[in-house]
Amino acid sequence: MERSNPGTVGVDWTFGGSWPYEPKWFESADGQMHYVDVGPADGKPVVLVHGNPTWGYLYRHFIDSLAKAGHRAIVPDHLGFGRSDKPDDAKLYTVPKHAARMTELLESLDLHDATVVCQDWGGPISLWWATRHQERVSGLFILNTITHRPPGPVKLLAPLKLFRAAGIGELMVKGLHMFVRVFLPFAIIKADRFTSDVKAAYLAPHPSWSTRTAILVFPREIPSGPEGPVADMNGDIEEKLKEHFRTKPVRIMWAMKDWGFTPEMLDEVWLATFPDAEVTRIPDAGHYVQEDAHEVIVPALLDFVGR
Numbered sequence: 005m006e007r008s009n010p011g012t013v014g015v016d017w018t019f020g021g022s023w024p025y026e027p028k029w030f031e032s033a034d035g036q037m038h039y040v041d042v043g044p045a046d047g048k049p050v051v052l053v054h055g056n057p058t059w060g061y062l063y064r065h066f067i068d069s070l071a072k073a074g075h076r077a078i079v080p081d082h083l084g085f086g087r088s089d090k091p092d093d094a095k096l097y098t099v100p101k102h103a104a105r106m107t108e109l110l111e112s113l114d115l116h117d118a119t120v121v122c123q124d125w126g127g128p129i130s131l132w133w134a135t136r137h138q139e140r141v142s143g144l145f146i147l148n149t150i151t152h153r154p155p156g157p158v159k160l161l162a163p164l165k166l167f168r169a170a171g172i173g174e175l176m177v178k179g180l181h182m183f184v185r186v187f188l189p190f191a192i193i194k195a196d197r198f199t200s201d202v203k204a205a206y207l208a209p210h211p212s213w214s215t216r217t218a219i220l221v222f223p224r225e226i227p228s229g230p231e232g233p234v235a236d237m238n239g240d241i242e243e244k245l246k247e248h249f250r251t252k253p254v255r256i257m258w259a260m261k262d263w264g265f266t267p268e269m270l271d272e273v274w275l276a277t278f279p280d281a282e283v284t285r286i287p288d289a290g291h292y293v294q295e296d297a298h299e300v301i302v303p304a305l306l307d308f309v310g311r
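Structure follows, in structure tokens:
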């Protein structure tokens, strides 16, 4: 049974018909998680995982194409995002906690021969599952993300520094909702794609201060250097990717106008991990590459999954 998050009662979750999918629910120990599961039950599963401050809606242009090709599109919302529950408890939104819940959700589906599509924080969260259950995963389709231990001090963008500052971050993210109202549209290069329906879809899940806690935690989880829980988690993922996935298909599609996950990260980090990966550099796309370049990414994904 669906639970109503504060302030979202009466919301039309189709957003002008752009999100027509039946909601499904997974009961985690920390709260109910929403996901959609579209396509034939015996189709090849494709797991598409979002980051901050988005939700499964980010992959709306992917789902029907995958299902029509006979694949099974599985698109979860992290706890604190989309239609999932939003307990106002920052301790529940650490990256290791997200990864543990994602592992529980995906394991409940008993997937085999899966392709993982990931971007932003969806990278470490989904690849934690993939590297622990490599027998379930046939390939990786990587968009702008990072799942590696930082080699030294991490340089943060100015907005992220502000979001991490006590008090200032609460005001900017939980009060003024700046991550969604300002940061998200600024990181979409093709501004005309941020239509009123798209804006409504990203605003709807977080109508109040208490529902925005998860958005604030993510920038505070960015490792400041090579030590700490998230750095250690990423280091573990990195080693297991090298150990188990260099012999599996890997496709990387990289937005070249992402000022968070830069072209240097692709060349110096990902291609060191997967030197034989098939790579596409997308010149006119920003951080939310699924918005800017879905017409380029979706055909490539269909080709990748269909091989």
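Take 5 as the starting number for the sequence shown in my numbering and just add one per residue.
Ideal Cβ placement from N, Cα and C applies to all residues, glycine included.
- Bounds of any alpha helix (DSSP H) do not take in residue 255; it lies within the beta strand (DSSP E) bounded by 254-259.
- Under the three-state reduction of DSSP output, residue 132 falls in the helix class.
- For residue 244, the three-state secondary structure derived from DSSP is helix.
- Taking all protein chains in view, the Cβ of residue 102 is crowded by 16 or more other Cβ atoms within 10 Å, so the residue is classified as buried.
- By the C-beta density criterion, residue 279 is exposed, having fewer than 16 other C-beta atoms within 10 angstroms.
- Across the set 219, 80 and 269, the C-alpha of 219 shows the shortest separation from the C-alpha of residue 167.
- For residue 158, the secondary structure class from DSSP, reduced to helix, strand or coil, is coil.
- Going by DSSP, residue 85 is part of no alpha helix (DSSP H) at all; its letter is neither H nor E.
- A straight-line Cα-Cα distance of about 7 Å links residue 161 and residue 264.
- In this structure, residue 238 keeps its C-beta atom at 9 Å or more from the C-beta atom of residue 125.
- Nearest neighbour of residue 262 by Cα position, chosen from 150, 304 and 155, turns out to be 150.
- Residue 28 is bridged by DSSP to 39.
- Within its own chain, the residues whose Cβ lies closer than 6 Å to the Cβ of residue 253, once the five positions on either side in sequence are excluded, are 143, listed in chain order.
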